[in-house]
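As you go down the protein sequences, you meet chains A and B in turn.
FYI, in the numbering used here the residues of the first sequence are 113 to 224.
FYI, in the numbering used here the residues of the second sequence are 631 to 745.
Note that beta-carbon positions come from the ideal geometry of N, C-alpha and C, so glycine has one too.
Here the structure is a predicted model, which is why all the values come from computation and not from measurement.
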Amino acid sequence: GNSVTQMEGPVTLSEEAFLTINCTYTATGYPSLFWYVQYPGEGLQLLLKATKADDKGSNKGFEATYRKETTSFHLEKGSVQVSDSAVYFCALTQTSGSRLTFGEGTQLTVNP
Amino acid sequence: SQTIHQWPATLVQPVGSPLSLECTVEGTSNPNLYWYRQAAGRGLQLLFYSVGIGQISSEVPQNLSASRPQDRQFILSSKKLLLSDSGFYLCAWSVVRGTGANVLTFGAGSRLTVL
Chain A
113 GNSVTQMEGP VTLSEEAFLT INCTYTATGY PSLFWYVQYP GEGLQLLLKA
163 TKADDKGSNK GFEATYRKET TSFHLEKGSV QVSDSAVYFC ALTQTSGSRL
213 TFGEGTQLTV NP
Chain B
631 SQTIHQWPAT LVQPVGSPLS LECTVEGTSN PNLYWYRQAA GRGLQLLFYS
681 VGIGQISSEV PQNLSASRPQ DRQFILSSKK LLLSDSGFYL CAWSVVRGTG
731 ANVLTFGAGS RLTVL
């Protein structure tokens with residue numbers, strides 16, 4: 113079956129530091145990959161997505177590249193801000209499917 | 631534009647009491663609807679999903695149930711709550727078109743504390 117593995121948190125960084133949150137997946141075929149973000153006390157919001165190999169999703173300074181050879185979709189940001197503090201979820205779905213499989217989530221705290 | 635509403639936002643209930651969480655979607659028709667639970671310090675667990683009125687798929691056996699009485703209404707219920715039912719419940723919707731990626735849009739969540 114499908115599964116998503118994220119790096120364990122929590123991750124604590126200083127403002128303007130470089131961020132990487134690792135995500136690897138197991139799936140049959142060619143899944144679509146997503147990063148969702150959950151700010152404190154809120155629901156999840158789609159951050160970015162990629163639907164085929166070598167696609168790069170980007171939004172709000174965050175980027176992730178769909179690497180089929182390493183089955184990875186690592187999230188990166190060159191310079192984090194305090195407002196980026198949140199829980200980040202990696203997820204996948206089969207292109208024709210209706211359900212998302214989520215990773216466990218990674219808590220990010222950015223200190224001023 | 632499409633919006634999703636969830637209520638109540640916060641709920642404190644005693645063990646053994648019933649539960650009803652409601653979710654409605656506006657601005658779309660025949661959406662796929664989902665209930666997820668997020669326990670403290672843990673990831674998201676899919677509880678139920680529905681592809682149409684009266685069609686409910688259960689992902690995990692438990693004392694919760696779901697119903698879809700109308701196209702854009704999804705209800706999560708329990709007859710008798712357990713302590714382990716505490717958590718953050720998220721409703722979500724999606725519309726899958728052709729071979730496009732299935733993007734979920736989430737509600738703001740309902741935080742349930744069972745005492």
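Below-7 Å beta-carbon distance, Leu677 of chain B vs any chain A residue: The sequence position of residue 677 of chain B within the second sequence is 47, counting from 1. The C-beta of Leu677 of chain B comes no closer than 7 Å to any C-beta of chain A.
Can you name, in chain order, every residue of its own chain whose Cβ lies under 8 Å from the Cβ of Leu674 of chain B, other than the five neighbours on each side? Numbered from its first residue, the second sequence carries residue 674 of chain B at position 44. Result list for Leu674 of chain B: Tyr666, Arg667, Gln668 and Leu720, in chain order.
Could you tell me the alpha carbon to alpha carbon distance between Glu188 of chain A and Val725 of chain B, rounded to whole angstroms? Locating residue 188 of chain A in the first sequence gives position 76, counting from the first residue. Locating residue 725 of chain B in the second sequence gives position 95, counting from the first residue. If you take the alpha carbons of Glu188 of chain A and Val725 of chain B, they lie about 28 Å apart.
Neighbouring residues, chain B, relative to Glu128 of chain A (Cβ below 9 Å): Taking the first residue of the first sequence as 1, we reach residue 128 of chain A at position 16. Result: empty, since nearest Cβ-Cβ is about 28 Å, beyond 9 Å.
Using 7 Å as the threshold, is the C-beta distance between Leu125 of chain A and Val199 of chain A below it? Here residue 125 of chain A is taken as the residue at index 13 of the first sequence, counted from 1. Here residue 199 of chain A is taken as the residue at index 87 of the first sequence, counted from 1. No.
Compare the C-beta of Leu187 of chain A with all C-beta atoms of chain B and state if any pair is closer than 7 Å. As a working mapping, residue 187 of chain A is identified with position 75 in the first sequence. No, because no Cβ of chain B sits closer than 7 Å to the Cβ of Leu187 of chain A.
Can you list, in chain order, the residues of its chain with a C-beta nearer than 6 Å to that of Tyr137 of chain A? Leave out the 5 residues immediately preceding and following it. One-based indexing of the first sequence puts residue 137 of chain A at position 25. Closer than 6 Å at the Cβ level, and outside the excluded window around Tyr137 of chain A, lie Val116, Thr183 and Leu204.
Tell me where the beta strand (DSSP E) around His635 of chain B begins and ends. Residue mapping note: residue 635 of chain B aligns to position 5 of the second sequence, counting from 1. Annotation for His635 of chain B: the continuous beta strand (DSSP E) segment containing it runs Thr633 to Trp637.
Any idea what DSSP makes of Thr194 of chain A, helix, strand or coil? Position 82 of the first sequence, counted from the start, is the residue given in the question as residue 194 of chain A. The amino acid occupying residue 194 of chain A in the given sequence is Val; Thr does not appear at that position. Helix, per DSSP.
Please state the DSSP three-state secondary structure of Ser647 of chain B. In the second sequence, the residue the question calls residue 647 of chain B occupies position 17. Under the three-state reduction of DSSP output, Ser647 of chain B falls in the coil class, being neither helix nor strand.
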